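Residues -46 to -1, 1 to 278 in mature numbering (1 follows the signal peptide of the UniProt record, and there is no 0) are what the sequence shown lists, from first letter to last.
Beta carbons: idealized from backbone N, C-alpha and C, even for Gly.
Bear in mind the structure is a predicted one, so any value in this text is a computation, not a measurement.
Below you'll find the structure, written out as structure tokens, and then a few comments.
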Amino acid sequence: MSHDRTHSARTSRRTPPTGRARRAALITATALIAVPLAGAPATAWAADDAPPKTPFYKTDQEVLKYLEEGNQGKRHLEDTAAIQGYPVNGRDTEEITLDQVKGKGYSPEQAVQDAQKKLEGFGSTPGFENYGTEERPNSKEDKDPGWLGNWDAKSICGQSNDMLAKGGKKLTCGFVGKIDQKYPVMVTTDRVPGGTKLTYVTEASVGAEDKEVKGWKVGGKLTINAYPENKGPAGEVSGEYNQSTETTKKWMSLARSQREFTVPDGVEGGTFQAHANAGWYIGYIVQKIDNTDGKAEKIVAIPARVLIQAPNDEVPLTWVGQGE
């Protein structure tokens, strides 16, 4: 993509406040999509409609503080989070290794304890021999050739209880993890010098998945448009996300509106970013398997990284400026 001074919106390559080591400043677990919007309708605003002003900070710490504490703390992210069921949406498609997860200070033993506290169906089965916890080396090693007939985790978690019972099995699936990256950047503007004032058209739509499958947790999809008022639509960016067991507010779409961006005088240059009100959690997809024929049980821990929305905020995005 060109980096000329047209002040167009682009997907960000800037590392968000808590993840300088990870340069993927993207909301989606898969690659972001940029698609031209052909024939998008023109939008007009009344002259007295004042666009909302966007805060501007100089440091990562100031940005993070604003995101965490602003809006009455509604964007707050818990240190740990859990999903009841296999997280179909919002998973990081890059390989996540056991060493990576342990390196973040999150062991399979702690994950099992969290699953037993936060999820249903992970307690011990009376009278069953406990085979302990199997640790998988990475996110791609998600099949169980012994107890589950070599089914991959997503497929087997989506099977009905009746099908599993016929094979002498009972299965509970979920995800548990700890915060790895807060408020990832979804979109950023081009860098402009101090004293520059921009007016952007912004819009965000939330699509909820309605599919109900036993053992799955289906999240949603967020699509954002942002472009200079005088340039017209340039493209869209989309990504997937999940809700945790603590979610009290579901994300709502944001209507198309004008937003004013001003880089303060005396600043060499700055950009404005749309941060997802969400966090990447690193941990494990956990499976509690009961072999009802053999009276035995075990838990499987598969490394994973999942995007989860802030549980108490129905607004999906927060715009913030930054520069020096």
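Original post:
Since residue 179 contacts residue 214 with CB under 8 Å, what's their CB separation in whole angstroms?
Top reply: Here residue 179 refers to the residue found at position 225 of the sequence shown. Here residue 214 refers to the residue found at position 260 of the sequence shown. Wrong, their Cβ atoms sit about 17 Å apart, outside the cutoff.
Original post:
Going by the CB atoms, is the gap between residue 137 and residue 229 shorter than 8 Å?
Top reply: As a working note, residue 229 is residue 275 in the sequence shown. As a working note, residue 137 is residue 183 in the sequence shown. A contact, by the Cβ cut-off of 8 Å.
Original post:
Hey, out of 234, 145 and 64, whose CA is closest to residue 193's CA?
Top reply: In the sequence shown, residue 193 corresponds to position 239, counting from 1. The candidate whose alpha carbon is nearest that of residue 193 is 234.
Original post:
Helix or strand or just coil, what does DSSP make of residue 25?
Top reply: Counted from its first residue, the sequence shown places residue 25 at position 71. The answer is helix: DSSP assigns residue 25 an H, G or I state.
Original post:
Are residue 145 and residue 224 closer than 8 Å when you measure CB to CB?
Top reply: Locating residue 145 in the sequence shown gives position 191, where the first residue counts as 1. Locating residue 224 in the sequence shown gives position 270, where the first residue counts as 1. A contact, by the Cβ cut-off of 8 Å.
Original post:
Do residue 171 and residue 38 have their C-beta atoms within less than 8 Å of each other?
Top reply: For the purposes of this step, residue 171 is taken as residue 217 along the sequence shown, with counting starting at 1. For the purposes of this step, residue 38 is taken as residue 84 along the sequence shown, with counting starting at 1. It is a contact, given that the beta carbons lie within the stated cut-off.
Subject >> Through-space distance from residue 88 to residue 35, alpha-carbon basis >> reply: As a working mapping, residue 35 is identified with position 81 in the sequence shown. As a working mapping, residue 88 is identified with position 134 in the sequence shown. Answer to the nearest angstrom: the Cα atoms are 21 Å apart.
**OP:** Could you name each continuous alpha helix (DSSP H) segment of 4 residues or more that falls completely within the stretch 28 to 110, going from the start of the chain to the end?
**Re:** Qualifying alpha helix (DSSP H) stretches, in chain order: 52 to 57 and 62 to 72.
Original post:
Looking at residue 258 and residue 243, is the spacing between their C-beta atoms short of 8 Å?
Top reply: Your numbering for residue 243 matches position 289 in the sequence shown. Your numbering for residue 258 matches position 304 in the sequence shown. In this structure, the beta-carbon distance from residue 243 to residue 258 does not fall below 8 Å.
Subject >> Beta-carbon proximity check, residue 66 vs residue 236, cutoff 8 Å >> reply: Position 112 of the sequence shown, counted from the first residue, corresponds to residue 66. Position 282 of the sequence shown, counted from the first residue, corresponds to residue 236. No.
**OP:** State buried or exposed for residue 261, treating a residue as buried only when at least 16 other CB atoms are found within 10 Å of its CB.
**Re:** Taking the first residue of the sequence shown as position 1, residue 261 is located at position 307. Around the C-beta of residue 261, 16 or more other C-beta atoms lie within 10 Å, and the residue is accordingly described as buried.
Original post:
When you compare each of 278, 203 and 249 to residue 30 by their alpha carbons, which one comes out closest?
Top reply: Taking the first residue of the sequence shown as 1, we reach residue 30 at position 76. If we check each option's Cα against that of residue 30, 203 comes out closest.
Subject >> Residues near residue 134 by beta carbon distance below 7 Å, same chain, minus five either side >> reply: Along the sequence shown, read from residue 1 onward, the residue named residue 134 stands at position 180. Its chain contains 58, 234, 235, 236 and 259 as the residues whose beta carbon lies nearer than 7 Å to that of residue 134, once the 5 sequence neighbours on both sides are disregarded; these appear in chain order.
Original post:
Which one or two residues does DSSP pair with residue 191 in a beta bridge?
Top reply: To locate residue 191, count along the sequence shown from 1; it is residue 237. In the DSSP output, where bridge partners are listed per residue, residue 191 has 178.
Original post:
For residue 51, which option in 95, 191, 80 and 21 has the closest C-alpha, if you only look at C-alpha atoms?
Top reply: Within the sequence shown, the letter at position 97 stands for residue 51. A check of alpha carbon separations from residue 51 across 95, 191, 80 and 21 identifies 95 as the nearest.
**OP:** Can you tell me which of 90, 28, 24 and 44 puts its alpha carbon nearest to the alpha carbon of residue 53?
**Re:** Indexing the sequence shown from 1 puts residue 53 at position 99. Nearest Cα to residue 53 within the set 90, 28, 24 and 44: 90.
Original post:
Does DSSP classify residue 222 as helix, strand or coil?
Top reply: Position 268 of the sequence shown holds residue 222. DSSP places residue 222 in coil when its eight states are reduced to three.
Subject >> With 16 other Cβ atoms within 10 Å as the buried cut-off, status of residue 272 >> reply: In the sequence shown, residue 272 corresponds to position 318, counting from 1. Sixteen is the threshold: when 16 or more other Cβ atoms of the shown chains lie within 10 Å of the Cβ of residue 272, as they do, the residue is buried.
Original post:
Do you know whose CA, among 153, 99, 121 and 97, lies nearest residue 184's CA?
Top reply: To locate residue 184, count along the sequence shown from 1; it is residue 230. For residue 184, the closest alpha carbon among the candidates 153, 99, 121 and 97 is that of 153.
Subject >> Buried or exposed (CB count within 10 angstroms, at least 16 for buried), residue 41 >> reply: Position 87 of the sequence shown, counted from the start, is the residue given in the question as residue 41. With 16 or more Cβ atoms within 10 Å of its Cβ, residue 41 is classed as buried.
**OP:** With a cut-off of 8 Å on the beta carbons, I'd call residue 69 and residue 112 a contact; round off their distance for me.
**Re:** The sequence position of residue 69 within the sequence shown is 115, counting from 1. The sequence position of residue 112 within the sequence shown is 158, counting from 1. Actually they are not in contact, since the Cβ atoms of residue 69 and residue 112 sit about 19 Å apart, beyond 8 Å.
Subject >> Classification of residue 206 by the beta-carbon crowding that lies within 10 angstroms, buried from 16 upward >> reply: As a working mapping, residue 206 is identified with position 252 in the sequence shown. Exposed.
Subject >> 7 Å Cβ shell around residue 74 - same chain, five flanking residues per side excluded >> reply: Locating residue 74 in the sequence shown gives position 120, counting from the first residue. Excluding residues up to 5 positions away in sequence, 38 lie with their Cβ nearer than 7 Å to the Cβ of residue 74 in the same chain.
Original post:
Apart from the five residues on each side of it in sequence, which residues of its chain come closer than 7 Å, Cβ to Cβ, to residue -9?
Top reply: Locating residue -9 in the sequence shown gives position 38, where the first residue counts as 1. Low confidence applies to residue -9: its pLDDT is 29, below 50, so where it sits in the model is not reliable, and the reading given next is rough at best. Within the same chain, residue -9 has no close Cβ partners at all.
Subject >> Straight-line gap, residue 130 to residue 100 (C-alpha atoms, nearest Å) >> reply: The count along the sequence shown starts at 1 and reaches residue 130 at position 176. The count along the sequence shown starts at 1 and reaches residue 100 at position 146. Rounded to the nearest whole angstrom, the CA to CA distance from residue 130 to residue 100 is 24 Å.
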